[in-house]
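J.: Take 1 as the starting number for the sequence shown in UniProt numbering and just add one per residue.
We treat Cβ as the ideally placed atom computed from N, Cα and C, and that holds for glycine.
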Amino acid sequence: MAFKKLISVSEVGEGSLVVVKTRHFNVVVTKVEGEYFVFEDSCTHDGEEISCGKLEGCVITCPRHFAKFDVRTGKVLALPATEPLVIFPVRVNGADLEVDLEAV
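Here it is as structure tokens:
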């Protein structure tokens, strides 16, 4: 695994959606119930920026067609999406949040 610093943990509040530009695509960082999750900023239904959606607990809703996903696992919870969100391994290293963007 190739974990690299993505963001400082102090930049991610509980229930927030923070978009981080990486070399190849944007990812969303969130904190739910004290745990951090990182996923690609793209609805698997039509490519809409999922970060523009609404996060309620661990469920994010796409703003365009209202597909729902669990941000912890990527699992689809409501159509029209049928493919899960791309979720990346994440870990806390001191004050930094590190992610492995090559794991997927």
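In terms of alpha-carbon separation, which member of L97, K21 and L6 lies closest to E35?
T.: Taking only the C-alpha atoms, the option nearest E35 is L97.
J.: Of the residues V9, E40, T30 and S10, which one's Cα is nearest the Cα of H24?
T.: Ranking V9, E40, T30 and S10 by Cα distance to H24 puts E40 first.
J.: Do the CB positions of V71 and T22 come within less than 8 Å of each other?
T.: Going by C-beta atoms, V71 is not nearer than 8 Å to T22.
J.: Verify whether the separation of the beta carbon atoms of L17 and S51 is less than 8 Å.
T.: Taking 8 Å as the Cβ cut-off, L17 and S51 qualify as a contacting pair.
J.: Does the Cβ of T82 have 16 or more other Cβ atoms within 10 Å, making it buried, or fewer, making it exposed?
T.: Exposed, because fewer than 16 other Cβ atoms sit within 10 Å of the Cβ of T82.
J.: Who are the near neighbours of A95 in its chain, counting only those whose CB is closer than 8 Å to its CB and skipping five residues on each side?
T.: If we look at A95 and ignore the five residues flanking it on each side, its Cβ neighbours are S8, V9 and S10.
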